[in-house]
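In our numbering, the protein residues as written are -8 to 398.
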Ligand SMILES: [Zn+2]
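Written out as structure tokens, the structure reads:
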């Protein structure tokens, strides 16, 4: 039934033979011929093993029952070399490298200079095989944890299908992070036309993060349509666990500010902050080489940095009313973008379908917000102009059904 992923071919072995404690393939259960494929990657950051432990629990349970989901579940460990030493990455962040040029270079036999090049080449080869065997829309879940404390939440590229995946989990959705981060794995899979979501399952070493990761996995299997009925009790307790912790949190938030620390050494969050904590305009929340860092606007703190590696000190978000989510679903289905260039200050880019340049001095009302509603992301910007690009929206027959129980 299951294909040969458990025995990686010789060309999947790293160029420099190394043996790591974490196997690449955490599990591979079921068959792509029997239903949808859900690919789960955990530990893409080496100091985030909770997702790998959550995956092991799922596979232990599935194997005990004969390994028979209604489709195929593949679980992979991300950055094995970094997991070995419990560090975010060795040479480069493995969740910022998934861009076309780099992949083309690796596939073309380009020199694999860094530890992460080798990790990426191995993962890429496995992805290619799994995706080639998948029937219908494949699903990707990328499991992470955060250095600071806080509840579980999801991060997605705002296509309608990804959003349905995200809304099926009873945890807040964070929108707009993808405009701040380049080369993430979910970005790459969304561009490939998959349904992709990443979940932040809590603080790195909190044992409850393993529970949250496991819960998210049960629900993701259900959303993808993989879960046979005997697992209803697991699904119910997974929902209950995440619902209790998510009580009182907004359904969705959008990122309004990123605090980039790549050029300012010495950044330190003050102790005691957590994700989704409200902070006031001007409230001191960190220090760096220049002194005190105050919050530049009121908002909800997202992912305050309490570790050495990383370029993002913290993010600030604000709640998105569910009405806006519903409105944007309707607007996208109506394909209103045909009318965009009739608005002042907005023009299409010749030769680049789905791309518009906005003159910020001329455009009338919140152009970025309008484009977000219609499913566009910011690709580039300057004080005077914005470049907005449409996210790929897979047009596959039966795609609504492919999302199964997603709302
Ligand atoms: Zn991570």
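Every residue gets a Cβ at the ideal spot worked out from N, C-alpha and C, and that includes glycine.
All figures in this text were calculated on a predicted structure; none of them were measured in a lab.
- Around the CB of residue 255, fewer than 16 other CB atoms lie within 10 Å, so the residue is classed as exposed.
- Just so you know, the alpha carbons of residue 277 and residue 268 end up roughly 14 Å apart.
- Residue ranges of uninterrupted alpha helix (DSSP H) with 4 or more members, entirely inside the segment 147 to 196 and ordered along the chain, are 151 to 158, 176 to 182.
- Checking the DSSP bridge columns, you'll see residue 39 has no partner listed.
- Taken in chain order, the complete beta strand (DSSP E) segments of 3 or more residues contained in the segment 12 to 93 are 16 to 21, 28 to 33, 63 to 68.
- At a threshold of 8 Å, residue 173 does not count as near ligand 1, since its beta carbon sits no closer than that to any of the ligand's heavy atoms.
- In the structure shown, the three-state DSSP call for residue 362 is helix.
- Counting C-beta atoms within 10 angstroms of its own C-beta, residue 327 has fewer than 16 neighbours from the protein chains shown and is therefore classed as exposed.
- If you draw a 10 Å sphere on the C-beta of residue 13, you find 16 or more other C-beta atoms in it, and that means buried.
- For the segment 256 to 335, the continuous beta strand (DSSP E) assignments of 3+ residues that do not extend past its boundaries occur at 268 to 270, 275 to 279, 282 to 285, 290 to 293, 303 to 311, in sequence order.
- Secondary structure of residue 340 (DSSP, three-state): coil.
- Bounds of the alpha helix (DSSP H) holding residue 227 are 223 to 237.
- Judged by DSSP secondary structure, residue 132 falls within the beta strand (DSSP E) whose first and last residues are 130 to 137.
- Distance between residue 83 and residue 303, taken at the CA atoms: about 15 Å.
- Note on geometry: alpha-carbon atoms of residue 130 and residue 149 lie some 15 Å from one another.
- Considering only 62, 115, 154, 55, the residue with the shortest C-alpha distance to residue 320 is 154.
- In this structure, residue 246 sits near residue 167, with a CB-CB distance shorter than 9 Å.
- When rounded, the separation of the alpha-carbon atoms in residue 65 and residue 30 is 5 Å.
- Around the beta-carbon of residue 194, 16 or more other beta-carbon atoms lie within 10 Å, marking it buried.
- Between residue 144 and residue 205, the CB-CB gap reaches or exceeds 9 Å.
- Ranked by Cα distance from residue 133, the first of 260, 105, 363, 46 is 46.
- Taking the Cβ atoms as the reference, residue 240 lies roughly 5 Å from residue 163, within the contact range of under 8 Å.
- Only exposed fits residue 99, as fewer than 16 other CB atoms lie within 10 angstroms of its CB.
- Secondary structure at residue 377: strand, using DSSP grouped into helix, strand and coil.
- Within the chosen limit of 8 Å, ligand 1 does not reach the beta carbon of residue 110 with any heavy atom.
- Residues 72, 81, 82 of the same chain have their beta carbon placed closer than 6 Å to that of residue 106, with the five preceding and five following residues left out of the count.
- In this structure, residue 215 places its C-beta atom within 9 Å of the C-beta atom of residue 27.
- Counting C-beta pairs with one atom in each stretch, the segment 171 to 183 and the segment 255 to 266 have fewer than three that are closer than 8 Å, which means they do not touch.
- Around residue 230, the same chain offers 161, 206, 210 as residues with beta carbons nearer than 8 Å, after the five sequence neighbours per side are excluded.
- Every residue whose Cβ sits closer than 7 Å to any heavy atom of ligand 1 is listed here in chain order: 35, 36, 39, 86, 135, 136.
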